[in-house]
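Report on one structure; see the data block that follows.
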Amino acid sequence: MDHYFELIIAAIFINNILLAKFLGCCPFLGVSKKMDTAVGMSAAVVFVLTLAGVITWVVSRYVLVPYNISYIRTLAFILVIATLVQFVELFLRKSIPVLYKSLGIFLPLITTNCAVLGTAIINIQEDYSLLETIVFSVASAVGFGLALVLFAGIRERFEITRIPKALEGTGIGLVTAGLMALSFFAFKGMV
Amino acid sequence: MLVPSIVMLGVGFSASVVLAVAAKVFHVDIDPRITEVEDALPGANCGGCGYTGCSACAEAIVEGKAPVNACIAGGDSVTAAVARVMGGAVGFSEPKLASHYCEGGYRAITKYHYEGAFDCRAMAAMHGGDLVCSVGCLSLGTCVRNCPFDALKMNEDGVPEVIPDKCVGCGTCEKICPTGVIKIYTVTQRLLHFNNENECLPPCRQLCPAQIDIPGYIQYAKEGKYAEAVELIKERNPLPLICGRVCPAPCEVGCRRVAIEDEPVHHNYIKRFIADWEMNLDEPLKEAVLPDTGKKVAIIGGGPCGLSAAYYLRRLGHDVTIFDSKPEMGGMLRYGIPEYRLPKKVLNFEIAQIEKLGVEMVVDKEFGKDITLEGLEDDFDSVLIALGAWDNTSLRCEGEDLEGVWKGTEFLQKRELGIEVDLQGKTVAVVGGGNTAMDACRSALRQGAKEVTLLYRRTRNEMPANEVEIIASEHEGIKYELLAAPTRLIGDENGVLKQIEFLKMELGEPDESGRRRPVPIKDSETIMDVDVVIAAIGQRPLTDWYTDELKERGLELTRWNTIVADEETLQSGIPHVFTGGDIWSGPALLIDAVGTGRRAARSIHLYLNGKPLDHPVGTFKGPQRVSESGEVPLQGVARKPKVPQPELPVAERIKTFDEVDLAVTPELMRTEADRCMRCGTLCYFSDTQKESRSNGKSMKDKVEELLENSPA
Chain A
74 MDHYFELIIA AIFINNILLA KFLGCCPFLG VSKKMDTAVG MSAAVVFVLT LAGVITWVVS
134 RYVLVPYNIS YIRTLAFILV IATLVQFVEL FLRKSIPVLY KSLGIFLPLI TTNCAVLGTA
194 IINIQEDYSL LETIVFSVAS AVGFGLALVL FAGIRERFEI TRIPKALEGT GIGLVTAGLM
254 ALSFFAFKGM V
Chain B
221 MLVPSIVMLG VGFSASVVLA VAAKVFHVDI DPRITEVEDA LPGANCGGCG YTGCSACAEA
281 IVEGKAPVNA CIAGGDSVTA AVARVMGGAV GFSEPKLASH YCEGGYRAIT KYHYEGAFDC
341 RAMAAMHGGD LVCSVGCLSL GTCVRNCPFD ALKMNEDGVP EVIPDKCVGC GTCEKICPTG
401 VIKIYTVTQR LLHFNNENEC LPPCRQLCPA QIDIPGYIQY AKEGKYAEAV ELIKERNPLP
461 LICGRVCPAP CEVGCRRVAI EDEPVHHNYI KRFIADWEMN LDEPLKEAVL PDTGKKVAII
521 GGGPCGLSAA YYLRRLGHDV TIFDSKPEMG GMLRYGIPEY RLPKKVLNFE IAQIEKLGVE
581 MVVDKEFGKD ITLEGLEDDF DSVLIALGAW DNTSLRCEGE DLEGVWKGTE FLQKRELGIE
641 VDLQGKTVAV VGGGNTAMDA CRSALRQGAK EVTLLYRRTR NEMPANEVEI IASEHEGIKY
701 ELLAAPTRLI GDENGVLKQI EFLKMELGEP DESGRRRPVP IKDSETIMDV DVVIAAIGQR
761 PLTDWYTDEL KERGLELTRW NTIVADEETL QSGIPHVFTG GDIWSGPALL IDAVGTGRRA
821 ARSIHLYLNG KPLDHPVGTF KGPQRVSESG EVPLQGVARK PKVPQPELPV AERIKTFDEV
881 DLAVTPELMR TEADRCMRCG TLCYFSDTQK ESRSNGKSMK DKVEELLENS PA
């Protein structure tokens, strides 16, 4: 049990996928201007990341490893994740239109999200079991969501703050992201 | 090499098969028109349509939830493109425009203590500092930064300015502004807006019966934006040329310059200048007229109230016909105000402007004789009765039917009707103290009278006539017999007037009108030799049009012969019959008639659209002074004499009916406009801006400076 708890804490705080591994920076800067879109994006990421983690684990374990062709892992995973997202989109649209509507534009956006691919690859590299893969994927996604929502909260304040002309927009965003990453470094060595 | 290739191919193949099957299994029908409509929309995602983004709007249009012209950002071409996809006709949607009514100035500096948040919303939420003004602009430009179409800019006074060509009326600024000084209006809303208690109303606006935005147009005039000034006046008063000449300017009483023993700003001077500017243009300004509604309105009476109502109703798209009993339109403006005050050329131009909008004008039709209410009801959806007050009050003394005893308005209209009046070498006495009496005196002088004497039963201070009129008549040599009340008119054996007898009076206690009541002095009868007496002691509406049948139907008259109607909506006892002007209020000012004309137009418009006529809650019940606005002290305001009105020399003008007041130059107009302090109800410190401007600092610099020095 302790092992899984450590895994969760490590994935959310210590090895935060955004602030420690710098994966998924594109939605981090792109959809963090408003709190509600940030929350929507986080939900979509949790959903897709978990599914992608499981499927890629299965592909890796039962296709790539037996044939000893792990070196095409990245290529294969991109294909699998893209298909998966498209499939999920079609499925949701027909079966759960409410969820489809609330996830909206964020679902197709995740197709090209490196955080998803990154987590899938980490799962294989760390040689996690299926259960570990699921736990780690969910925790990573939660970490992603946490960073995104915190960042969106800060950026909403930017709207009503005086910012030097040269730093307005993405400039101050990146500076803030850097400071947030520094503060997350405080978790290093906890586990 | 073979194995990985096969695996990749296999994965790719199975992926496409899975997707193909999924696409088939999970197929959802979407209307192909949604994509087409979305392509036609501009893709600005401004949200002005009320939907979250253009795709949502496209969906709503296809589902029939939104009209084809839902997109407010795209304009006519987009609407046409959407209509092509949807196969429907393009409906009319009235364009909306943002408008900002806070005059701004330097209030923000004097009222707020900034604490670093460069945002109006934060400022309003924080109440950081001495937040006194609850209605004005905070000048931090949040609306400017958030406008998706760059249609707002900060002017040098630190208030946002709308760029009409760019504004699409999306409403972003209205939503974002914490004090609500930016509003999105359509033409209809602007024309039918009545002042609200929440608005920043300076004293002159509190007192203007037509609710003209006086500091607003003065500011435009000062900046040289004459077209904007004309447009702003015409939102409230369609007769700027006429009012610029003869308006008695009740607004001037409120001018805060009076508080420092200075003369009030001469509003008419400025109004006349910009109205003259429009008249002298090669091509007069175009006014927006909304598409025809198919509703017909009959207006009885072509005076200021009728003309004003016709103007607004026509601009709102109604089919308007004015009927007048005289050979030409204008009512008292034409037959009551003499040429030397209001040249007919000017009056004709102003009436022609209204006619050009598409108002039909029918003359020589007397109400009650040539036309009846029943007859009009067959052809028209609504009727406005604005007959005015043409009956002269009698002198109530012996000898009133002698030859040589005339009535004020009857005398004044003779010249216009082409009836010869022989006053050469005659002695004339005019009884009364109002503007009609003044007009009668000065007209009689111009028609050759040897001597004109004015008899008034109180003193000069109580005379209701305009001060400028009294002064001008004094210059022209009118004699004053004040504190004199006629008691008898004496004629010879042929019934021709020879003498007038009057009693001397003294002032007693104030009566209900607030003026001191004249009390006769015993045995003070004085007799004066006269050839003509003109009685101009007051008017009231004629009643020859009124029938028992109308009474039965619910149209009632008061004991002053005025029509009984709702104070606010001007609706009479017959629901589709409205009234306004002197026949409702009793004898009043020209500007009162113009104001009630617009009020009646609003009620008629709402009535024709089947909407309730009540005014919104908080509508300003004016004209009246808002008490607090008089109490704010004026600090550091220097007295500045008013620019004198150029006039024809007295010797020259008493021989002719040429206009006495001459045109003003742009320089003089600007000097006068500069005297306006642009007061608001709560903000009275606009003069400090002059001070800071002389230090070479603009509003922007001032704000910057405050922000630099603020903590945080």
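If you read the protein sequences in the order shown, they are chains A and B. Plus 73 on top of the position in the first sequence (first one is 1) and you've got the working numbering. Plus 220 on top of the position in the second sequence (first one is 1) and you've got the working numbering. Even for Gly, the Cβ is constructed at its ideal location relative to N, Cα and C. Fair warning: this is a prediction, and the values are worked out from it, not measured in the lab.
Beta-bridge analysis with DSSP links B/H320 to B/I402.
In summary, the residues of the segment 232 to 256 of chain B whose CB is separated from some CB of chain A by less than 7 Å are G232, A235, V238, L239, A242, A243, F246, V248, in the order they occur in the chain. Within the same chain, I520, T799 come within 6 Å of B/I605 by CB-CB distance, once the 5 residues on both sides are set aside. Here B/W610 carries a coil assignment [DSSP, helix/strand/coil]. Looking from the CA of B/H486, the closest CA among B/L577, B/E472, B/T679, B/K646 belongs to B/E472. Taken in chain order, the complete alpha helix (DSSP H) segments of 4 or more residues contained in the segment 452 to 491 of chain B are 460 to 466. By the Cβ neighbour-count rule, B/D768 is exposed, with fewer than 16 other Cβ atoms within 10 Å of its own.
Its Cα nearest to that of B/V540, the residue B/V509 stands out among B/K699, B/W610, B/V509, B/L261. Not a single CB atom of chain A sits nearer than 8 Å to the CB of B/P511. Put simply, the CB of B/V227 is near chain A, with a gap under 8 Å to one of its CB atoms. Proximity of B/P224 to chain A, defined by a Cβ-Cβ separation below 8 Å, is satisfied. The DSSP-derived three-state label of A/A84 is helix. Close to A/T129, with beta-carbon spacing below 7 Å, lies no residue of chain B; the smallest spacing is near 11 Å. A distance below 8 Å separates the beta carbons of A/A212 and A/I81.
In the DSSP assignment, B/A704 falls within the unbroken beta strand (DSSP E) covering 704 to 711.
By the C-beta density criterion, B/V241 is exposed, having fewer than 16 other C-beta atoms within 10 angstroms. A residue is called buried once 16 or more other Cβ atoms fall within 10 Å of its Cβ, and B/L882, having fewer, is exposed.
Non-local C-beta neighbours of B/A669 in its own chain, meaning closer than 6 Å and more than five positions away in sequence, comprise L643, K646, V648, ordered along the chain. Taken through DSSP and simplified to helix, strand or coil, A/A188 comes out as helix. For B/T746, the secondary structure class from DSSP, reduced to helix, strand or coil, is strand. Shown here for B/Y532: same chain residues with a beta carbon closer than 6 Å to its own, the five before and five after excluded, namely L411, R818, A821 in chain order. Counting every other CB atom within 10 Å of its CB across the protein chains shown gives A/H76 a total below 16, marking it as exposed.
Between the segment 799 to 814 of chain B and the segment 596 to 614 of chain B there are three or more inter-stretch CB-CB distances shorter than 8 Å, so the stretches are counted as touching. When Cβ-Cβ separations below 8 Å define contact, B/R818 makes no contact with chain A. Using beta-carbon distances, B/D296 does not count as an interface residue toward chain A, since no partner is under 8 Å.
Residues of chain B whose Cβ lies closer than 8 Å to the Cβ of A/V153 are, in chain order, V231, A235.
Of all residues in the segment 258 to 278 of chain B, none has a C-beta nearer than 7 Å to a C-beta of chain A.
The beta carbons of B/L261 and B/A278 sit closer together than 8 Å. Within chain B, the C-beta atoms nearer than 7 Å to that of A/A149 come from M228, V231, in chain order.
Chain-order list of chain B residues neighbouring A/Q198: empty, with the shortest C-beta distance near 19 Å, by a criterion of under 7 Å. Under the DSSP assignment, A/A93 falls outside any alpha helix (DSSP H); it carries neither an H nor an E label. Within the same chain, P429, A430, Q431 come within 7 Å of B/G815 by CB-CB distance, once the 5 residues on both sides are set aside. For A/F164, a Cβ of chain B is located within less than 8 Å of the residue's own Cβ.
Runs of the alpha helix (DSSP H) lying entirely within the segment 237 to 293 of chain B and spanning at least 4 residues, in chain order: 252 to 260, 273 to 282. One finds nothing in chain B with a Cβ atom closer than 9 Å to the Cβ of A/I169; even the nearest lies about 11 Å away.
Assignment of B/Q426 by DSSP, reduced to helix, strand and coil, places it in the helix class.
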